[in-house]
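Scroll down for the structure; my scribbles are underneath it.
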Amino acid sequence: MHDASKRLQDCLADMYEPEWFGKEEVDTIAEETDILWSDYHDKLVDNSMIAMDTYLAQFPDVKARIAKRDRKMTDYDSARHHFGSLQKGKKQDQAKIAKAEEELGRAQKVFEEINVDLQDELPQLWNSRVGFYVNTFQSMAGYQQRFHKDMGKLNQDLNDVMTKLDEQRLAK
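Remember, my numbering sits 146 above the position in the sequence shown when you count from 1.
Printed below as a string of structure tokens:
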């Protein structure tokens, strides 16, 4: 849209003859329109898009930790099954049982640490999304509202110049 607006303003500036009424005003309006578009784009990128990218950047890490928890749960289940099968076996080797019990304890500890961390973090992450989206989209709506208000004023100024130019043409 910015590019189309810029081309339209450039076209108007090129065809607008220097001796016509409001040439300086038309040039000023064209410059202000371009500045307004650039400012609008910068605000969207700097305040909304960067915030959105930062927010979304945390999800690959969370997803990786969920995948790690799933792998550790598999390790824990495997260690528990191995320990149980050694205990129920006909020939009980106490050294193997002790080693399997130690492995089970380590696997359980690792799994539970990751699981507890995720159980604390995931609800907070889930609940934070509404506030984040509200703030982000309110900001975007505010930027858009200000942009269109200012653009409307510039368009009205351009319309006023064109009306006066037409009145001068008709008066000749």
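Beta carbons: idealized from backbone N, C-alpha and C, even for Gly.
- For the set D216, E247, Y201, the Cα lying nearest the Cα of Y279 is the one of Y201.
- Between L304 and V172, the C-beta gap is smaller than 8 angstroms, which places the two residues in contact.
- Residue state for D239 is assigned as coil, using DSSP reduced to three classes.
- Going by C-alpha positions, W183 is about 10 angstroms away from H294.
- If you look at D192, you'll find it isn't in any alpha helix (DSSP H); DSSP assigns it neither H nor E.
- Ranked by Cα distance from M286, the first of K255, K152, M198 is M198.
- DSSP, read as helix, strand or coil, puts F167 in coil.
- Under the 10 Å beta carbon count, T179 is surrounded by 16 or more other beta carbons and is classified as buried.
- Within a 10 Å sphere around the beta-carbon of Q155 sit 16 or more other beta-carbons, which makes this residue buried.
- In this structure, the beta-carbon distance from Y222 to Q254 falls below 8 angstroms.
- If the five residues before and after K189 are omitted, its C-beta is found closer than 6 angstroms to the C-beta atoms of Y289, all from its own chain and listed in chain order.
- Using a 10 angstroms sphere on the CB of A176, the tally of other CB atoms reaches 16 or more, which defines it as buried.
- Counting the other Cβ atoms within 10 Å of the Cβ of F205 gives fewer than 16, which makes it exposed.
- By the neighbour-count criterion, in which a residue is buried when 16 or more other Cβ atoms sit within 10 angstroms of its Cβ, G277 is exposed.
- A straight-line Cα-Cα distance of about 13 angstroms links Q302 and T174.
- If you ignore the 5 residues before and after Q240, its C-beta comes within less than 7 angstroms of no other C-beta in its own chain.
- Just so you know, the alpha carbons of M308 and S151 end up roughly 17 angstroms apart.
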